[in-house]
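Asker: Here it is: the structure, laid out below.
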Amino acid sequence: MASSHKKGYRFEKWLIDDLRQSLDAKAHRTSGSGNGLDKNDIVCPNLEIEIEAKNSATWSMKKDVAQWRRQMTSQNKSFLIVRDPEYPETQFENCVVIMQYGDWKDLMKTQEQEVFIEPTLNYEQRSAMQSLKTALSRVNKVFNHGN
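Going by numbering that gives the first Met the number 0, the sequence shown opens with residue 0, and the numbers climb by one from there.
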């Protein structure tokens, strides 16, 4: 993998991990991302958004915006997220988000809506939750029915 691809992959991985924890547990990298295919890098299916991520050493906004616009789909809202090259690569949180004005207005209208993050549990966590549910059900029966 070329150095520039590794750099892009690191940024995409950071974005996906952060998005999964804070907004959409189902956020994932688009199949074929980074292979020169004309599609965005990340999809957040629960939020119906797609993201083109750029982690470059210099700003190339005209080129990046042109690529982002070319890759937009009508099914999702689309965002361009660019790492600010003025900050070290370890400070991804300083990235810049670019969106269409209509999408920004829609976002502002929904500011007071609650965001629900669907948890992704592994086998051990699901098993523990099921055991807890069973135990609580037994406790409920004892207290409500005297059995």
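The C-beta atom is built at its ideal place from N, Cα and C for all residues, glycine as well.
As the structure is a computational prediction, the values presented were derived from the model and not from experiment.
Name, in chain order, the residues that DSSP records as bridge partners for MET98.
Answerer: In the sequence shown, residue 98 corresponds to position 99, counting from 1. MET98 is bridged to PHE78.
Asker: Mind checking which residues open and close the beta strand (DSSP E) that includes LYS53?
Answerer: Translated into positions along the sequence shown, residue 53 becomes position 54. That run of the beta strand (DSSP E) goes 48-53.
Asker: Alpha carbon to alpha carbon, how far is LEU106 from TYR100?
Answerer: Counting from one through the sequence shown, the residue named residue 106 turns up at place 107. Counting from one through the sequence shown, the residue named residue 100 turns up at place 101. So the alpha carbons of these two residues sit roughly 10 Å apart.
Asker: Measuring only the C-alpha atoms, how far is LYS108 from PRO84?
Answerer: If you number the sequence shown from 1, residue 108 lands on position 109. If you number the sequence shown from 1, residue 84 lands on position 85. The straight-line gap from Cα to Cα measures roughly 31 Å.
Asker: Would you decide whether LEU18 is buried or exposed? Buried here means 16 or more other CB atoms lie within 10 Å of its CB.
Answerer: As a first step, residue 18 must be located in the sequence shown, where it is residue number 19. Buried, by the Cβ-count rule.
Asker: Between PHE142 and THR133, what straight-line distance do the alpha-carbon atoms span, to the nearest angstrom?
Answerer: The residue given as residue 142 occupies position 143 in the sequence shown. The residue given as residue 133 occupies position 134 in the sequence shown. PHE142 and THR133: Cα-Cα distance of roughly 15 Å.
Asker: Measure the C-alpha to C-alpha separation of THR72 and ASN139 and round it to an integer number of angstroms.
Answerer: On the sequence shown, residue 72 is found 73 positions in, with the first residue counted as 1. On the sequence shown, residue 139 is found 140 positions in, with the first residue counted as 1. Answer to the nearest angstrom: the Cα atoms are 50 Å apart.
Asker: Rounding to the nearest angstrom, what Cα-Cα distance links ILE48 and PHE78 in this structure?
Answerer: Taking the sequence shown and counting its residues from 1, one reaches residue 48 at position 49. Taking the sequence shown and counting its residues from 1, one reaches residue 78 at position 79. Roughly 7 Å separates the two Cα atoms.
Asker: For SER56, count the other beta carbons within 10 Å of its own beta carbon; 16 or more makes it buried, fewer makes it exposed. Which is it?
Answerer: If you number the sequence shown from 1, residue 56 lands on position 57. At residue 56 the sequence reads Ala, which differs from the Ser that was named. Its Cβ having fewer than 16 others within 10 Å, ALA56 is exposed.
Asker: Between the C-alpha atoms of TYR122 and GLN129, what's the straight-line distance to the nearest angstrom?
Answerer: Numbered from 1 along the sequence shown, position 123 holds the residue referred to as residue 122. Numbered from 1 along the sequence shown, position 130 holds the residue referred to as residue 129. About 11 Å.
Asker: Cutting at 8 Å between CB atoms, please list the residues of its own chain near CYS171, excluding the five before and the five after it.
Answerer: Look at the range of the chain in this structure, 0 to 146, and you will see that residue 171 is not part of it.
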